[in-house]
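The opening position of the sequence shown corresponds to residue 474 in our numbering, with each subsequent residue numbered one higher. Right, one structure below, let's go through it.
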Amino acid sequence: MIKPKLLKKGDKIAIVSLSWGGLGDKELIHKYYIAKERLENDFGLEVVAMTNALKGSEFVYNHPELRAKDLMEAFKDETIKGVFCAIGGDDSIRLLPYIDYDVIKNNPKIFMGYSDTTISHFMLNKAGVVSYYGPSVMCEFGEYVKMFDYTKEAVENILFENTENYYVKSSEYWSNGHVSWNEDNINIQKELTREEHGYEVLSGTGKATGQLLGGCIDVFPMMLETEIWPKVDEWKNKILLIETSEEKMPPNYLLYYLRNLGVQGILNNINGIIVGKPIGETYYEEYKEIYLKVLKEFDCEELPIIYNVNIGHAFGTGLLPLGINYEMDLDAKTIRFLESATLD
């Protein structure tokens with residue numbers, strides 16, 4: 474996998490709206506300015522919005538070809554060192570007909586987002602480029618009052634530094650609070666809850682290694698039978714990342730989705746699974762039972778699984794590079810990068 478260069482202060486990053494275009498809506502654009510100021514002041518980055526990123530949800534919805542054009546132009550632009558996604562949504566799959574994988578491959582750079590951005594991460598995987606499953610502009614960088622310390626530190630440590638042998642630690646706090654996105658609420662901060670579980674091992678012992686691939690499982694069915702969904706042999710020896718969205722899918726839906734991965738042969742080809750903390754810890758215990766049930770059904774009961782990782786919709790979210798090699802130590806309950814996520 475091709476790695477992009479790490480970010481440095483003064484680097485220019487582009488904001489793209491590849492799915493929902495709410496960042497440009499009149500009542501929400503204040504979130505963009507909060508994020509822009511934070512990215513510039515706290516991280517030392519120069520922020521530019523791509524041509525169509527702030528044209529509002531209706532325009533963005535109606536023009537998937539222009540969303541893709543923004544993405545392609547951001548990758549082509551040699552002055553742009555990173556591409557940060559505005560937010561997720563539910564229809565970035567519509568960009569597929571307009572993607573030039575050679576453009577991505579020949580111009581590797583930091584690309585980050587989560588949720589429906591899972592689609593775009595699989596685009597980069599097809600292009601053979603490492604990408605970064607992490608915070609979005611609207612949610613995390615545009616957080617009212619301040620960013621979660623855990624999220625900010627993850628961005629600083631992983632995107633701006635060499636990360637060989639980097640340990641992904643559990644956050645000491647999480648939040649189930651919600652502050653409505655309204656400019657009147659910009660001085661209201663989410664309430665924090667102390668983490669009680671930390672990483673949990675659902676199955677397996679010893680150590681497992683492999684390249685990380687995956688994202689938000691809610692999105693997986695959209696990719697099946699498309700050019701970006703890997704063939705079963707391409708999953709060989711991978712570590713699968715799975716997290717669930719704010720939709721809080723019922724346990725039986727998770728059961729169906731995992732069974733689908735089983736019948737594809739994926740569960741019997743991978744080396745392990747990293748599972749994100751369910752948002753608000755909804756179905757926390759029920760999801761664990763589903764994983765164990767499916768492993769038994771597909772005769773892979775010793776498949777290593779580390780559960781309750783702060784990623785994706787687990788506020789505050791961390792950052793996990795996709796396409797680099799990891800080590801899961803089931804006995805020590807640790808997750809470690811075996812190589813740096815970026816080039817110096």
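Cβ atoms here follow ideal geometry from the backbone N, Cα and C, with glycine treated the same way.
Could you give the residue range of the alpha helix (DSSP H) that holds residue i?
i	result
F557	Careful: F557 lies outside any alpha helix (DSSP H), inside the beta strand (DSSP E) at 553-558.
A508	502-514
L793	Element bounds for L793: not the alpha helix (DSSP H) but the beta strand (DSSP E), 793-795.
G735	724-736
Y780	That residue, Y780, is in no alpha helix (DSSP H); its beta strand (DSSP E) goes 778-782.
Y905	For the chain, the structure presents residues 474 to 817; residue 905 sits outside this window and is missing.
F810	First-last for F810: 807-810, but that is the beta strand (DSSP E), not the alpha helix (DSSP H).
M695	693-696
A627	622-632
A639	According to the sequence shown, residue 639 is Tyr rather than Ala. First-last for Y639: undefined, no H or E at that position.
N598	591-600
Y534	530-535
Could you work out which residue in the options is closest to residue i when comparing CA atoms only?
i	options	result
I572	T552, F516, A547, K554	A547
K619	I560, D515, F693	D515
L686	E698, I739, E645, N635	I739
F595	Y646, C689, P751, G749	C689
G791	V748, F771, Y756	V748
G753	E664, W708, N798, I701	E664
A805	K642, R732, N660	K642
K485	A508, V520, G497	V520
K481	K766, E759, T552, I701	T552
C558	I583, N535, K578	I583
I808	E626, L731, Q684	Q684
K750	E538, S530, S718	S718
E656	D498, P477, S813, H503	H503
T745	A522, K499, C773, W702	Looking at the sequence shown, residue 745 is not Thr but Gly. Of the listed residues, the one whose Cα sits closest to G745 is C773.
K721	N649, N741, I661, N742	N649
E770	N798, N741, L793	N741
D622	Q662, Y587, K499, E634	Q662
I577	I566, I475, R567	I475
Y574	K704, I592, G601, Y587	G601
R567	V556, P703, Y587, R540	R540
W702	S593, E812, A487, T524	S593
L512	G483, N733, L728, I797	G483
N710	N798, V556, P477	N798
K704	V736, P477, K680	V736
K761	E613, Y617, L728	L728
S813	G679, H670, I631, E613	I631
Are the beta-carbon atoms belonging to residue i and residue j less than 8 Å from one another?
i	j	result
M585	G607	yes
S644	E668	yes
L768	L479	no
T666	W654	no
L803	V603	no
E800	T682	yes
K763	L793	First, the residue type needs correcting, since residue 763 is Ile and not Lys in the sequence shown. No.
Y639	F532	no
V652	Y505	no
V556	A627	no
Starting from residue i, follow the beta strand (DSSP E) in both directions and report where the run begins and ends.
i	result
V821	In the structure as shown, the chain begins at 474 and stops at 817. Residue 821 is therefore absent and cannot be evaluated.
V520	519-522
E770	Unbroken run through E770 is the alpha helix (DSSP H), 757-770; no beta strand (DSSP E).
M611	That residue, M611, is in no beta strand (DSSP E); it is neither H nor E in DSSP.
M585	583-586
K680	680-689
S676	673-676
L714	712-716
V489	485-489
D498	Careful: D498 lies outside any beta strand (DSSP E) and carries neither H nor E.
Y606	604-606
Contact check, residue i vs residue j under 8 Å by CB: the rounded distance?
i	j	result
D564	S492	6 Å
N580	K549	6 Å
T590	G789	Contact doesn't hold; Cβ gap of about 17 Å is too wide.
L496	A526	7 Å
T699	L597	Contact flag wrong, Cβ pair sits at about 14 Å.
G615	A508	4 Å
Y757	P724	With 8 Å as the limit, Y757 and P724 do not qualify as a contact, their Cβ atoms being about 11 Å apart.
G494	G517	About 28 Å separates the two Cβ atoms, so there is no contact after all.
I743	W708	6 Å
Looking at the C-beta of residue i, does it have a partner C-beta in chain D at a distance below 8 Å?
i	result
G529	In the displayed structure, chain D is absent; only one protein chain is listed.
Using 8 Å as the Cβ pair cut-off and three pairs as the minimum, do the region 778-796 and the region 672-690 touch? Cβ pair count under 8 Å is three or more, so yes.
Is the region 781-801 close to the region 706-719, with three or more CB pairs under 8 Å? Enough Cβ pairs lie closer than 8 Å, so yes.
Using 8 Å as the threshold, is the region 691-707 in touch with the region 528-544, meaning 3 or more CB pairs across them? No, the region 691-707 is not in contact with the region 528-544.
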